[in-house]
Structure formats: structure tokens, C-alpha cells
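Asker: In this note's numbering, the protein residues as written are 1077 to 1526.
Heads up, the beta-carbon is just placed ideally off N, CA and C, and yes, glycines get one too.
Treat the numbers as computed from the prediction; the structure is a model and nothing was measured.
(1) Based on DSSP bridge pairs, tell me the residues matched to residue 1443.
(2) On the three-state DSSP scale, how would you describe residue 1088?
(3) With DSSP as the reference, identify every bridge partner of residue 1401, one or two as the case may be.
(4) Within this structure, are the beta carbons of residue 1169 and residue 1126 separated by less than 9 Å?
(5) For residue 1189, which residues of its own chain have a beta-carbon under 6 Å away from its beta-carbon, when the five flanking residues on both sides are left out?
(6) Exposed or buried, which one is residue 1526 when buried takes at least 16 other CB atoms within 10 Å?
(7) Candidates 1284, 1428, 1123, 1265: which alpha carbon is nearest residue 1336's?
(8) Would you mind listing the alpha helix (DSSP H) stretches within the stretch 1120-1193 that are 4+ residues and don't spill past its ends, in chain order?
(9) Counting Cβ pairs, one atom from each stretch, are 3 or more of them under 8 Å apart for the stretch 1232-1246 and the stretch 1289-1306?
(10) Can you tell me the Cα-Cα spacing of residue 1228 and residue 1287, whole angstroms?
(11) With H, G and I counted as helix, E and B as strand and the rest as coil, what does DSSP make of residue 1330?
(12) Cβ atoms of residue 1260 and residue 1201: under 9 Å apart, would you say?
(13) So, is residue 1250 buried or exposed, given that buried needs 16 or more other C-beta atoms within 10 angstroms?
(14) Answer yes or no: do residue 1087 and residue 1144 have a C-beta to C-beta separation smaller than 9 Å?
(15) Could you check if residue 1352 is buried or exposed, using at least 16 other CB atoms within 10 Å of its CB as the buried criterion?
(16) What are the boundary residues of the beta strand (DSSP E) that residue 1505 is part of?
(17) Residue 1526 by DSSP, collapsed to three states: which one?
(18) Can you tell which of 1494, 1430, 1475 has the C-alpha that lies nearest to the C-alpha of residue 1469?
(19) Please tell me whether residue 1409 and residue 1459 are closer than 9 Å, where the distance is taken between their beta carbons.
(20) By Cβ distance, which residues of its chain are closer than 8 Å to residue 1263, with the 5 residues on each side in sequence left out?
(21) Please report the straight-line C-alpha distance between residue 1501 and residue 1475, rounded to a whole angstrom.
(22) Between which residues of its own chain and residue 1198 is the CB-CB distance below 6 Å, once the five residues before and five after are set aside?
(23) Pull the bridge partners of residue 1450 from the DSSP assignment, please.
(24) Classify residue 1315 as buried or exposed, calling it buried when 16 or more other Cβ atoms lie within 10 Å of its own Cβ.
(25) Buried or exposed for residue 1375, going by 16 or more other Cβ atoms inside 10 Å?
(26) In this structure, what does DSSP give as the bridge partners for residue 1107?
(27) Quick check on the burial criterion: 16 or more other C-beta atoms within 10 angstroms. Buried or exposed for residue 1113?
(28) With 16 other CB atoms within 10 Å as the buried threshold, where does residue 1522 fall?
(29) Return yes when the Cβ of residue 1438 is within less than 9 Å of the Cβ of residue 1461, no when it is not.
(30) Using a Cβ-Cβ cutoff of less than 7 Å, which residues in the same chain neighbour residue 1102 once the five nearest sequence positions on both sides are dropped?
(31) Do the stretch 1385-1401 and the stretch 1320-1327 meet, that is, are 3 or more Cβ pairs less than 8 Å apart?
(32) Leaving aside the five residues before and after residue 1265 along the sequence, list all residues of the same chain whose C-beta is less than 6 Å from its C-beta, in chain order.
(33) Looking at the unbroken alpha helix (DSSP H) that takes in residue 1220, where does it start and where does it end?
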């Protein structure tokens, strides 16, 4: 991939593994209620942290990654302390370290977690203890990355949840995102989407706007930090076939909105699940010529860009329109646009109206690319000329909004008569921008200035 100019970024998980490991059991987290299906290890355990540090160094010695991140570097889990009990780490090891080392009370009895929780002063210090452990993990990993290769980027991860607060995230996840941004100062800081958000069937792509309290808090201390945001695009529907699928239209909207909101980058779980559910962009759009990109599936919706080649197909509509992805984001193209064969010289107008400026005989017989249509009679063609619109049925008209001389012959030396402003029917043309108009008078030739 590097040979083809594609940089590779490595993501590892900070707090767990999806398969059993050979790591010592004493490194494991303990929960109020056992956490099913995953294997968690504790940031309170220095041996586990050192193992992760050496792991990163070993990986970097053998592989060339442009950046490294440890996703999900937090203590589980959001407000589970009061419901299902998936709250950790409450192991004897963690509680001993908290009392004997963190509080510097080596001779004190180690309380159970219920006693820590019921003591407001002790519970506040317990929160600090968890925050410092996550902070230390991020700092140790960043130092390992930079010591091995200063050019390799390091990303820390935080957490986002709608209707949450920074203090609540700090309490339940052990994540003080302000301190991580300020003290660790990673190259990139990702805000992860909490499962309470991505598991919402009706989650809209613009939900990220509800994370502004996090963004504002981080930027207050580190205004120039590069922020990223993580979404989950397929886990919900992969695990629950009745859940609505987040199609490429959803996640491309999310990507565009994140950039518009000031995020430096974005990433998502689980692309592999998307492919398994057949909601992947699996073919290039068969539309390789420049076209007009509209905001909606209507020529009246407004134009995003002209003479643009779509990058990817998203979905069809039922009336000849396709939703496509472009360098300007999502848009719509009219598949009825195509080629038109000009059989005889035609006039061209500045807009689809006879009342707009006109150039007589602007285009000789040729095949032209149609980039827009207005009604059944007007087509817009691909040309550098400001006169892009052609009326494809007869007769053609031309509106003159000032008094004009109409000559007996297509010569300025011939006799003429002055007509008031009006719409004329064109019945013939001659070189020199002469047009012959239909009139009861014998004065029929007008010279058009273009």
C-alpha cells in the first residue's frame, strides 16, 4: 500500500480484547457484574500498561504506520454503576492501589467498592484515581510512539454522548477529555460515539452537533487541536436484522457534516459489517462525463456544481434521478441528461427564456452534451460560451427590450423602420448576426449585437 502512496493507520483497543488472551488474570478488570463476551484489562495495572507500551514499540519496529491510536481507552461503562453493574475496575488490586498508593495509606484497611461509593469524599478521589490511570496510559503510549519514531502520529480517544456532560463522562468512563487534550496533547483527539447513541434506531447523521459541548470544552484549552469523530455505521443492523440500515447516504452525510462542523477527520465502525449486509458502495457510477449536480432530485432545487464528474453512486430514485457522491458532498444528477444532435445551425440563449440574451446561429451542426433540461423544449449544453441554452422546437423567438431598427434588407444601408420593444418570431438568419423576423411590415431584418 505504501508503494501506491496509501498511508496506513493502526487502531488498537485500549481496554479489551474480543478473543481470549494469554495475559495474566491478575491484570484483568473486575466488574460489579461480570461483563459478557469481552476480555477487559485494567489501566490500574502497571504491568498491563507496560505490556501495551512494549507492544507498540515492537509493532513500530516491524511495520511502517503513519499513525497509531488506542480506541476505547476508558473504564466501562456509562451509568451502569446504578443498573446492570457493568462498572469496573473494582478489583481488589485496584482498591488496594487506590488506598495504599494513591491515597498513601499503606496501613489502612482496603474497603469494598460499596463503601467507597457511599463516602462522597472517598468517591470523588476514586474518580480522580480512574482519571489519572487513563491519563497515564495515554501519556505512556504517546511517549512510546514518539520515542520510536517522532514522525508517527498518535491519537487519543474520548467519548461523546447526547444529553451528557463532561463531568458525567469523567465520572462514568474515567475520561477527563480536557486534561487529555491539554496534558497529553495528542496529534489527533477522537470523540467516540457512545453505544447509547449509535444503538438508536432513529439516529440522524447530524447527531454530532449534540457533541458541541465536548468540542467547545476541548477547544477552550487547546484551540488548535485536530479533532476527529467516530461513528458506528453497521453494528446495530448487523446484530438486529429488524433495525434500519445506515446506508452510504447516511454515512457520507455524516462525513460531510463532520468536516463542516470543524472536525479534522472522521472514522467509523464497522465497514466489514456493511459489506456483509450489502450496504456498501460496490460499483462505480456509469456516468463518466461532466454533468450538473443538484441539491435535490429536481432541476428547481438549486445547483451545487456544474461540469462535475460524480465520484460514486449512492442510490436511484424512481424518476430518472440518481443520488451521487462528489467532491462537494452528496448531490443529484438527472440521468435523462445526455447527448443532443444539432442538425442545423441554432440560436443560443443565456437562460431558458426568449427574453434572455441571444446569439444567433451560435452552434453549427454537431453532437453536444446536455447538462440540464427545462421543460420539454429547452436544453442546456456543455460549452464555455455564456450562451448555453438551446430551444429545440420551432419557432424560435427573440425579445428586444429597446426600440430597434428593422431593415428592408440584411444591410444597414437599406431602408429601415423602428419597432418598439417586443418578442419577435425568428424565421431566418444570415451571417453578421442578422435575424429575419415575422411581421406584417416589409421591414423584417434586425441586426443583433452580442
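Answerer: Based on what the coordinates show:
(1) Counting from 1 along the chain shown, the entry for residue 1443 is found at position 367. For residue 1443, which the question treats as bridged, DSSP gives the partners 1417.
(2) By one-based count along the chain shown, residue 1088 stands at place 12. Strand at residue 1088.
(3) Taking the first residue of the chain shown as position 1, residue 1401 is located at position 325. The beta-bridge partner set that DSSP reports for residue 1401 consists of 1388, 1406.
(4) As a working note, residue 1169 is residue 93 in the chain shown. As a working note, residue 1126 is residue 50 in the chain shown. In this structure, residue 1169 lies away from residue 1126, with their beta-carbon atoms at least 9 Å apart.
(5) One-based indexing of the chain shown puts residue 1189 at position 113. Only 1166 meet the Cβ criterion.
(6) As a working note, residue 1526 is residue 450 in the chain shown. Caution is warranted here: a pLDDT of 48 is assigned to residue 1526, below 50, making its placement in the model unreliable, and no coordinate value can be reported.
(7) Translated into positions along the chain shown, residue 1336 becomes position 260. Considering only alpha carbons, the answer is 1284.
(8) Listed in chain order, the complete alpha helix (DSSP H) runs (minimum 4 residues) inside the stretch 1120-1193 are 1122-1138, 1168-1172.
(9) With three or more CB-CB distances shorter than 8 Å, the stretch 1232-1246 counts as touching the stretch 1289-1306.
(10) Here residue 1228 corresponds to residue number 152 of the chain shown, with the count starting at 1. Here residue 1287 corresponds to residue number 211 of the chain shown, with the count starting at 1. So the two alpha carbons sit approximately 28 Å from each other.
(11) By one-based count along the chain shown, residue 1330 stands at place 254. If DSSP states are grouped into helix, strand and coil, residue 1330 belongs with the helices.
(12) Counted from its first residue, the chain shown places residue 1201 at position 125. Counted from its first residue, the chain shown places residue 1260 at position 184. No.
(13) Along the chain shown, one-based indexing puts residue 1250 at 174. Burial state of residue 1250 is buried, judged by a 10 Å Cβ sphere holding 16 or more other Cβ atoms.
(14) Within the chain shown, numbered from 1, the residue matching residue 1087 stands at position 11. Within the chain shown, numbered from 1, the residue matching residue 1144 stands at position 68. The beta carbons of residue 1087 and residue 1144 sit closer together than 9 Å.
(15) Against the chain shown, residue 1352 aligns to sequence position 276. Under this definition residue 1352 is an exposed residue.
(16) Position 429 of the chain shown, counted from the start, is the residue given in the question as residue 1505. Per DSSP, residue 1505 belongs to the beta strand (DSSP E) from 1498-1506.
(17) As a first step, residue 1526 must be located in the chain shown, where it is residue number 450. Unreliable placement is indicated for residue 1526, whose pLDDT of 48 sits below 50; no coordinate value is reported for it.
(18) In the chain shown, the residue the question calls residue 1469 occupies position 393. Minimum Cα-Cα distance from residue 1469 among the listed residues 1494, 1430, 1475 corresponds to 1430.
(19) Locating residue 1409 in the chain shown gives position 333, where the first residue counts as 1. Locating residue 1459 in the chain shown gives position 383, where the first residue counts as 1. Contact flag unset, no.
(20) Here residue 1263 refers to the residue found at position 187 of the chain shown. If we look at residue 1263 and ignore the five residues flanking it on each side, its Cβ neighbours are 1143, 1229, 1230, 1231, 1302.
(21) Here the question's residue 1501 lines up with position 425 in the chain shown. Here the question's residue 1475 lines up with position 399 in the chain shown. One C-alpha to the other measures close to 9 Å.
(22) The count along the chain shown starts at 1 and reaches residue 1198 at position 122. Around residue 1198: 1192.
(23) In the chain shown, residue 1450 corresponds to position 374, counting from 1. Per the DSSP secondary-structure output, residue 1450 pairs in a beta bridge with 1454.
(24) As a working note, residue 1315 is residue 239 in the chain shown. In the assembly as shown, residue 1315 is an exposed residue. Its beta-carbon has fewer than 16 other beta-carbons within 10 Å.
(25) Translated into positions along the chain shown, residue 1375 becomes position 299. Classified as buried, residue 1375 has 16 or more neighbouring CB atoms from the shown chains inside 10 Å of its CB.
(26) Taking the first residue of the chain shown as 1, we reach residue 1107 at position 31. For residue 1107, which the question treats as bridged, DSSP gives the partners 1164.
(27) Working through the chain shown from its first residue, we reach residue 1113 at position 37. Counting Cβ neighbours within 10 Å, residue 1113 comes out exposed, since fewer than 16 surround it.
(28) Here residue 1522 refers to the residue found at position 446 when the chain shown is read from its first residue. Residue 1522 comes out buried.
(29) For the purposes of this step, residue 1461 is taken as the residue at position 385 of the chain shown. For the purposes of this step, residue 1438 is taken as the residue at position 362 of the chain shown. Result yes, Cβ atoms of residue 1461 and residue 1438 sit closer than 9 Å.
(30) Translated into the one-based positions of the chain shown, residue 1102 becomes position 26. Correct list, in chain order: 1169.
(31) The stretch 1385-1401 vs the stretch 1320-1327: in contact.
(32) The residue you call residue 1265 lines up with position 189 of the chain shown. Closer than 6 Å at the Cβ level, and outside the excluded window around residue 1265, lie 1232, 1257, 1301, 1303.
(33) Translated into the one-based positions of the chain shown, residue 1220 becomes position 144. Here the alpha helix (DSSP H) through residue 1220 covers 1196-1224.
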